[in-house]
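For what it's worth, the numbering used here labels the leading residue of the sequence shown as 1, then goes sequentially.
Glycine included, C-beta positions come from ideal geometry on N, C-alpha and C.
Small disclaimer: the values here were computed from a predicted structure and weren't measured.
Worksheet: one structure, shown below.
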Amino acid sequence: MTDQNKDDLYHPSVGVGENTEPEAKENEQPLAANAMWGGRFAGGPDAVMEAINASIDFDRRFHGQDISGSRAHAAMLAAQGILTAEDAKAIDAGLEQIAGEIERGEFVFSRALEDIHMNVEARLAEIVGPAAGRLHTARSRNDQVATDFRLWVRDAMDRMIAAIDDVIGALLDKAEAHADTVMPGFTHLQVAQPVTFGHHCLAYVEMLARDKARFVDARARLNENPLGAAALAGTGFAIDREATSKALGFDRPTRNSLDSVSARDFALEFLSASAICGTHLSRLAEEIVIWSTPQFGFVSLSDKFSTGSSIMPQKKNPDAAELVRGKVGRVNGALVGLLTVMKGLPLSYSKDMQEDKEGVFDASETLELCLTAMGGMVADMAVHEDAMEAAAGAGYSTATDLADWLVREANLPFRDAHHVTGRAVGMAEERSVELAELPLADLQGLNSAITEAVYDVLTVQASVASRTSYGGTAPANVRAQVTAWRERLT
Ligand code: ARG
């Protein structure tokens, strides 16, 4: 190993997140026994032990949650007579001071103190003296980290829910503006039947609304308080878990202490809801990429959401859409990563679980960014109605309308109507004309019941207007759905 490598190993860089603060401080060699748990240790850890063990470089993102949890715990201990009012007051003031120090970037994080919990407690001891040592009564880092992480993920869920609402809002505006805009509907990416662009936008509204519901559901399951489970078995102290639940905005305490410190399915649910939402965004992103090609020309992205090429002056690239499409990869990675960490872990806490955080942080930042970018792209993009409409008529997209007309007006069984229509399409194809351009006499040659009225259903406008079945693409349906969504969302 080169010295450089060694140096990297002992100074792992901060990989994730908003960490603009300086990295945690290195301990000088030789390392002293840990002040928090070093009672039975003669010496400190090897430097590589500290490197693999320390989580402070990423879990300091919990500082707000950690301090809130500690303040709730201290207040509860005092109310229960486990802490004196005097100690509780000193602890609370000390914690508030620490919150300020961290916010102002004055707090010195230390890797030797492993994680956010011990960094905060050690600083508290400097500020308030021996009373700080009483804060850890009737709790453990195991219930502490479970509490902090739930609080953090709960906030992340709330951020995703709000960000999804913004994208839904942008899509509803587009749907309303384009309730009548006809575009080709595709299956197999082949022109199938005309639809309205508004209807297409509303399809994504449906997906995103389910994504939001997944976060809302997961949030309700998450919102139980593990604090008070202590290390794994609960505690003999007469704690009041209802009180800390209330103080931290949890609906109730968790029921089983082992489960409380072992469960990370709230994070898995967050990641899984994120991965599904990211997948939906990637599909819309892909469509935007396709639609914005000169070959399609259905939409133009605003300059704000495009980039140029350094070599080809004519190019305008949909990078934001491509990145939304691509970034779901890391969200999926985070989900698979945590599933793999949790698989086969015995109850209760194992240090493996410290690996639960970075993927969640990254996935949450990634999805929020993707949602924001998608909202902006959709709101800003120009829709080219003429290009959409021209493409909607191509590829004999109203053939089904002809078949339906034969069923309705000439009482043909659908299979026979399908056959007659197929022959009409063949005829039109041979002559390189649209269905509506076939002379009536030729159509009547295929089936004598066909009348002039058939031409009314062969336009793309007539086609979409006729699709009034519940959930169908008719402009009237689109407008009704937009109204219903707006009511639902307010
Ligand atoms: N940093 C640890 C984590 O993130 C906190 C819990 C440590 N508990 C323990 N028993 N060592 O999981």
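**Prompt:** How long is the line joining the alpha carbons of residue 366 and residue 129, rounded to whole angstroms?
**Reply:** 41 Å
**Distance between beta carbons of residue 435 and residue 399, contact taken as under 8 Å** = 7 Å
**Item:** DSSP bridge partner residues for residue 195 (one or two, in chain order)
**Value:** 183
**Item:** residue 488 beta carbon less than 8 Å from that of residue 172
**Value:** no
**Asked** So, using beta-carbon positions, are residue 339 and residue 268 closer together than 8 Å?
**Response** yes
**Item:** Any non-hydrogen atom of the ligand ARG closer than 7 Å to residue 351 Cβ
**Value:** yes
**Asked** Between the segment 216-223 and the segment 251-269, do three or more beta carbon pairs fall short of 8 Å?
**Response** yes
**Asked** Leaving out five residues before and five after residue 337 in sequence, what residues of the same chain have Cβ atoms less than 7 Å from its Cβ?
**Response** 359
**Prompt:** Hey, how far is the Cα of residue 117 from the Cα of residue 216?
**Reply:** 29 Å
**Message:** Need the endpoints of the alpha helix (DSSP H) that residue 246 sits in, please.
**Reply:** 241-247
**Request:** Consider the C-beta atom of residue 61 and the heavy atoms of the ligand ARG; say whether any pair is separated by less than 7 Å.
**Result:** no
**Request:** Would you kindly work out how many angstroms separate the C-alpha atoms of residue 177 and residue 426, rounded to a whole number?
**Result:** 36 Å
**Message:** The alpha helix (DSSP H) that contains residue 419, what's its start and end?
**Reply:** 414-431
**Request:** Indicate the three-state DSSP secondary structure (helix, strand or coil) for residue 490 in the structure shown.
**Result:** coil
**Message:** Within a Cβ cutoff of 7 Å, which residues of the same chain sit near residue 140, ignoring the five residues on either side of it in sequence?
**Reply:** 230, 231
**Message:** Do residue 240 and residue 79 count as a contact pair if the criterion is CB distance below 8 Å?
**Reply:** yes
**Message:** I want to check one thing, is the minimum distance from the CB of residue 114 to the heavy atoms of the ligand ARG below 7 Å?
**Reply:** yes
**Contact under 8 Å by Cβ, residue 378 with residue 167** = yes
**Request:** Counting only the same chain and skipping the five closest in sequence on each side, list residues whose C-beta sits under 8 Å from that of residue 208.
**Result:** 164, 167, 168, 171, 277, 280
**Request:** Measure the C-alpha to C-alpha separation of residue 292 and residue 189 and round it to an integer number of angstroms.
**Result:** 15 Å
**Message:** Measuring only from the beta carbon, is residue 145 closer than 7 Å to any heavy atom that is part of the ligand ARG?
**Reply:** yes
**Request:** Go ahead and label residue 204 buried or exposed: buried means 16 or more other beta carbons lie within 10 angstroms of its beta carbon, across all protein chains shown.
**Result:** buried
**Asked** Under a Cβ-count criterion, where at least 16 other Cβ atoms within 10 Å of its own Cβ denotes burial, should residue 252 be classed as buried or exposed?
**Response** exposed
**Prompt:** Cα-Cα, which of 85, 183, 226, 369 is closest to residue 348?
**Reply:** 226
**Message:** Output needed for residue 136: all residues of its chain with C-beta closer than 8 Å, excluding positions within five of it in sequence on either side, in chain order.
**Reply:** 121
**Buried versus exposed, by CB contacts within 10 Å (16 or more), residue 37** = exposed
**Prompt:** For residue 106, does the count of other Cβ atoms within 10 angstroms reach 16, so buried, or fall short, so exposed?
**Reply:** exposed
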